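In the numbering used here, the protein residues as written are 1 to 287.
We treat Cβ as the ideally placed atom computed from N, Cα and C, and that holds for glycine.
Everything numeric in this text was worked out from a predicted model, so none of it was measured.
Notes follow once the structure below has been shown.
In structure tokens form, the structure reads like this:
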């Protein structure tokens, strides 16, 4: 994120009248522009012993108008000098516009073992191949676009290719039965283990986890709420937190002393990790 150190703009007319407002000066609006934020102005209303924040629509709209004015003026400034335009365009292209997004084409996929009753759409095959080729993938497909079958086929292909030994599909509670049904519809011979929260009751949890760990499954399908019961060893989680803390400590040594905003942000992140670390020491281990 970008930070702008321009508090002096809050005390001069150029910052609070010409290019900003008395509730959000030009420096703050410039930070909004650099971080693609929409300015919002809130009023604090007291109600007895409590307080609540309410959006001030009039002041917010005034700030938005000034932000638009800053953006418009910047654009005209950039294009007003051909040499400057060429120089900034070169800088932008060299730094940011030099990577083309990877195009994934799954048209070659044959999907051995899949039911011939289904002919997957091109977008589903692209999704399958992206998962296989790239690993972490976000399928931003609309409801009804066939994400479950895309996941199922990607899992079975990864299993067939030896890329994964066992897969877990974590779904919303109301989609559990549907996910299992669609998985078996496209791969009738798949070995899947399906579990909801009842499998994670105290007297059943150990048995289910043992079955999941020791048996040969193509996929284990569980709900989001059930997934929370599968913890990782405290020692492993503690090491992860320690590693992050070391990273923030290193970053703090590189932040300039006058950059108070970045320093405070890193300190808050450190405090959050330290609180998690303290909570780990008192949390009961779920066996």
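Original post:
Helix, strand or coil: how does DSSP classify residue 13 here?
Top reply: Reduced to three states, the DSSP call for residue 13 is helix.
**OP:** Ignoring anything shorter than 3 residues or poking outside the stretch 181-209, list the beta strand (DSSP E) runs there in chain order.
**Re:** Within the stretch 181-209, the runs of beta strand (DSSP E) at least 3 residues long that lie entirely inside it are, in chain order, 192-195.
Subject >> Segment contact flag, the stretch 199-215 with the stretch 248-255, C-beta cutoff 8 Å, min 3 pairs >> reply: The stretch 199-215 is not in contact with the stretch 248-255.
Original post:
For residue 124, is the classification buried or exposed, using 16 other Cβ atoms within 10 angstroms of its Cβ as the cut-off for buried?
Top reply: With a threshold of 16 other beta carbon atoms within 10 Å, residue 124 meets it and is buried.
Original post:
Buried or exposed: residue 200, going by 16 or more other Cβ atoms within 10 Å of its Cβ?
Top reply: Residue burial is scored here from C-beta neighbours: residue 200 has at least 16 other C-beta atoms within 10 angstroms and is therefore classed as buried.
**OP:** Could you tell me whether the stretch 130-140 touches the stretch 164-172, where touching means 3 or more Cβ pairs closer than 8 Å?
**Re:** Taking 8 Å as the limit for Cβ pairs, the verdict is that the stretch 164-172 does not touch the stretch 130-140.
Original post:
Out of curiosity, what's the CA-to-CA distance linking residue 106 and residue 63?
Top reply: Going by C-alpha positions, residue 106 is about 48 Å away from residue 63.
Original post:
Can you give the beta carbon distance from residue 176 to residue 230, rounded, assuming they're within the 8 Å contact cut?
Top reply: Incorrect: roughly 16 Å between the Cβ atoms, too far for contact.
Original post:
Are the beta-carbon atoms of residue 77 and residue 34 separated by less than 7 Å?
Top reply: The Cβ atoms of residue 77 and residue 34 do not sit closer than 7 Å to each other.
Original post:
Under the DSSP definition of a beta bridge, which residues are partnered with residue 51?
Top reply: Residue 51 is bridged to 46.
Original post:
Touch check for the stretch 113-131 and the stretch 177-187: three-plus C-beta pairs under 8 Å?
Top reply: With a cut-off of 8 Å, the stretch 177-187 and the stretch 113-131 count as touching, because enough Cβ pairs lie within range.
Subject >> residue 241 (DSSP reduced to helix, strand or coil) >> reply: Three-state DSSP puts residue 241 in a helix.
Original post:
Does the beta-carbon of residue 39 have 16 or more other beta-carbons within 10 angstroms, so that it is buried, or is it exposed?
Top reply: A buried status is given to residue 39, since no fewer than 16 other beta-carbon atoms sit within 10 Å of its beta-carbon.
Original post:
Considering residue 57, what are the terminal residues of the beta strand (DSSP E) in which it resides?
Top reply: Bounds of any beta strand (DSSP E) do not take in residue 57; it lies within the alpha helix (DSSP H) bounded by 57-79.
Subject >> Nearest-angstrom beta carbon gap, residue 9 and residue 70 [assumed within contact, 8 Å] >> reply: Wrong, their Cβ atoms sit about 11 Å apart, outside the cutoff.
Original post:
What's the C-alpha gap between residue 227 and residue 31?
Top reply: The alpha-carbon separation between residue 227 and residue 31 amounts to approximately 40 Å.
Original post:
Where does residue 284 fall in DSSP's three states?
Top reply: Legend: pLDDT at residue 284 = 49, less than 50; position of this residue unreliable, value from coordinates given subsequently. In the structure shown, residue 284 falls within a coil segment according to DSSP collapsed to helix, strand and coil.
**OP:** Using 10 angstroms around the beta-carbon of residue 202, count the other beta-carbons present and answer buried if the total reaches 16, otherwise exposed.
**Re:** Residue 202 counts as exposed, since fewer than 16 other C-beta atoms from the protein chains shown sit within 10 angstroms of its C-beta.
**OP:** Determine the direct distance from the alpha carbon of residue 23 to that of residue 44, and round the result to whole angstroms.
**Re:** Using only the alpha carbons, I get a separation of about 13 Å.
Original post:
So, are the CB atoms of residue 154 and residue 131 less than 7 Å apart?
Top reply: Going by C-beta atoms, residue 154 is nearer than 7 Å to residue 131.
Original post:
So, helix, strand or coil for residue 143, using DSSP?
Top reply: Taken through DSSP and simplified to helix, strand or coil, residue 143 comes out as coil.
Subject >> Cβ-Cβ distance between residue 314 and residue 277 below 7 Å >> reply: Nothing about residue 314 can be reported from this structure: the residues present for the chain run from 1 to 287 only.
Original post:
When the Cα atoms are used, what is the spatial distance from residue 134 to residue 181?
Top reply: Cα atoms of residue 134 and residue 181: separation of roughly 27 Å, rounded to the nearest angstrom.
Subject >> First and last residue of the uninterrupted alpha helix (DSSP H) at residue 290 >> reply: Because residue 290 is not part of the residues shown, which for the chain are 1 to 287, the question remains open.
Subject >> Beta-carbon proximity list for residue 219, same chain, < 6 Å, skipping 5 on both sides >> reply: The beta carbon of residue 219 lies closer than 6 Å to those of 155, 167, 169 and 192 in the same chain, with the five residues before and after it left out.
Original post:
Cβ atoms of residue 19 and residue 13: under 7 Å apart, would you say?
Top reply: When the beta-carbon positions are compared, residue 13 and residue 19 stay at least 7 Å from each other.
**OP:** Give the straight-line distance between the Cα atoms of residue 126 and residue 120, rounded to the nearest whole angstrom.
**Re:** C-alpha separation (whole angstroms): 10 Å.
Subject >> Backbone secondary structure at residue 219 - three-state DSSP >> reply: DSSP places residue 219 in the strand class (E or B) of the three-state scheme.
**OP:** Closer than 8 Å by C-beta to residue 266: which residues in its own chain qualify, once you throw out the five before and the five after it? Chain order, please.
**Re:** If we look at residue 266 and ignore the five residues flanking it on each side, its Cβ neighbours are 248, 251, 252 and 255.
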